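Residue numbers (the working numbering): 7 to 309.
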């Protein structure tokens, strides 16, 4: 008890006064999940794009920006298979919202059989991906909770029920880790609570939260990150209602926002955090909280 009280006081010191009441409320349930941190520093996972920097959809929050840092799948060579243990295979979406992985199945199958594969598929069912069954595949699937967000962010007229149906179909064939971006609609919380309701009725193996960050040269470049208390409340609700591990993924704002978010999200129940703030990690370790290391994408199965 004294150890936990000392930890609580040390973590509070990282937060501004306006966060203290929320932190105190979250702390009441902090022991409901194992008191540890899995720090993901995914330098053994290579991000690969099947479309290079090209994307037909040009979503409002990304506009193809994040594809630019990915290795084109055509540029992979044997040295990559020696350097990296796993591959995040993504790409730009076509006009229906689908990442066109099907045209690259043969190339993916030529990768080492033991290599972990994290597939970003966009909105599609399982049929074209079935040749990959038997490989160590995780599908990362983005969920949105309302039609307005789907239309405004992705430019799609597809109903939420259709996006959810694709998720359920994929889940029948692969390990699927749903991803939920808090504030995806230009920083506004919109359909996120519906996604938690959906997942409570269809329990996942893990849930990865991302947090909208304004990105230069996108339609949302001048927007603000979501209210941090609103975002953390959704993480806490998920931690209460879902038995699975809760992840805080790589896409989130930097600076002071990130420090506050990491501390509050951990208190809310997120025990897997990608590149967590250094002082936060130091405090956990100094107070006897185990810090496990993961060198691959947080959504991949941990061993």
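Beta carbons are placed, not taken as given, at the ideal position from N, Cα and C, and that holds for glycine. These figures come from a predicted structure and were not determined experimentally.
task: Using 10 angstroms around the beta-carbon of residue 66, count the other beta-carbons present and answer buried if the total reaches 16, otherwise exposed.
output: buried
- prompt: For residue 41, which of 297, 302 and 250 has the nearest alpha-carbon?
  reply: 297
- prompt: Taking the DSSP output, what are the residues bridged to residue 300?
  reply: In the DSSP output, where bridge partners are listed per residue, residue 300 has 46.
query: Can you tell which of 83, 131 and 97 has its C-alpha closest to the C-alpha of residue 116?
result: Among 83, 131 and 97, the Cα nearest to that of residue 116 is on 83.
- request: Would you identify the three-state DSSP class for residue 23, choosing helix, strand or coil?
  value: If DSSP states are grouped into helix, strand and coil, residue 23 belongs with the helices.
query: Any idea which residues DSSP pairs residue 146 with across the strands?
result: 126 and 183
field: Boundaries of the beta strand (DSSP E) in which residue 253 is found, first to last residue
entry: 252-254
message: Going by beta-carbon coordinates alone, are residue 146 and residue 305 separated by less than 8 Å?
response: In this structure, residue 305 lies closer than 8 Å to residue 146 by Cβ.
- prompt: Going by C-alpha distance, which of 172, 182, 74 and 301 is nearest residue 125?
  reply: 182
message: How far does the alpha helix (DSSP H) with residue 51 in it extend, from its first residue to its last?
response: That residue, residue 51, is in no alpha helix (DSSP H); its beta strand (DSSP E) goes 51-55.
query: Which residues does DSSP pair with residue 188 in a beta bridge?
result: 217
query: Do the CB positions of residue 149 and residue 173 come within less than 8 Å of each other?
result: yes
field: Segment limits, beta strand (DSSP E) that includes residue 93
entry: 92-96
Separation of residue 280 from residue 8, as counted between CA atoms: 29 Å
Endpoints, beta strand (DSSP E) assigned at residue 280: 278-280
query: Would you call the stretch 199-210 and the stretch 101-113 touching, i.e. three or more CB-CB distances under 8 Å?
result: Three or more Cβ pairs closer than 8 Å define a contact, and the stretch 199-210 falls short of that threshold against the stretch 101-113.
field: Cβ shell of residue 77 (< 8 Å), same chain only, five flanking positions each side left out
entry: Exclusion of the five residues before and after residue 77 leaves 52, 53, 54, 55 and 86 as the residues of its chain whose Cβ lies within less than 8 Å of its Cβ.
field: Integer-rounded CB distance, given that residue 16 should sit under 8 Å from residue 293
entry: 6 Å
Cβ separation of residue 93 and residue 270, assumed to be a contact under 8 Å, to the nearest whole Å: That belief does not hold up - the Cβ atoms of residue 93 and residue 270 are roughly 32 Å apart, past 8 Å.
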